[in-house]
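Enquirer:
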Ligand code: FES
């Protein structure tokens, strides 16, 4: 699994499109092949990113993690 830390933005996890996940007891289906998680703390839809990082001028380094699941 690959996790990308977008420069000045969210943490992005690549998943197969149509993947299902639970959030607050609600099952959701991914409409795109990625899940973007807020790391700026200003999203109105936590833990998901809603683009608020741009409005607040969030600054953070980018990077990438490669995670091997067993
Ligand atoms: S990182 Fe996008 S809203 Fe927080």
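In our numbering, the protein residues as written are 545 to 614. Every residue gets a Cβ at the ideal spot worked out from N, C-alpha and C, and that includes glycine.
1) Which residue from 570, 587 and 593 puts its Cα closest to that of residue 578?
2) So who's on the other strand from residue 610, going by DSSP bridges?
3) Closer than 8 Å is the cut-off here; do at least three beta carbon pairs connect the segment 564-576 with the segment 601-610?
4) Considering only heavy atoms of the ligand FES, does any lie closer than 7 Å to the CB of residue 558?
5) From the DSSP output, read off the bridge partner residues of residue 578.
Expert: If we stick to the structure as given:
1) By one-based count along the chain shown, residue 578 stands at place 34. Closest by alpha carbon: 593.
2) Looking up residue 610 in the chain shown gives position 66. By DSSP's assignment, residue 610 forms a beta bridge with 546.
3) No, they do not touch.
4) By one-based count along the chain shown, residue 558 stands at place 14. No, the beta carbon of residue 558 sits no closer than 7 Å to any heavy atom of the ligand FES.
5) On the chain shown, residue 578 is found 34 positions in, with the first residue counted as 1. For residue 578, which the question treats as bridged, DSSP gives the partners 558.
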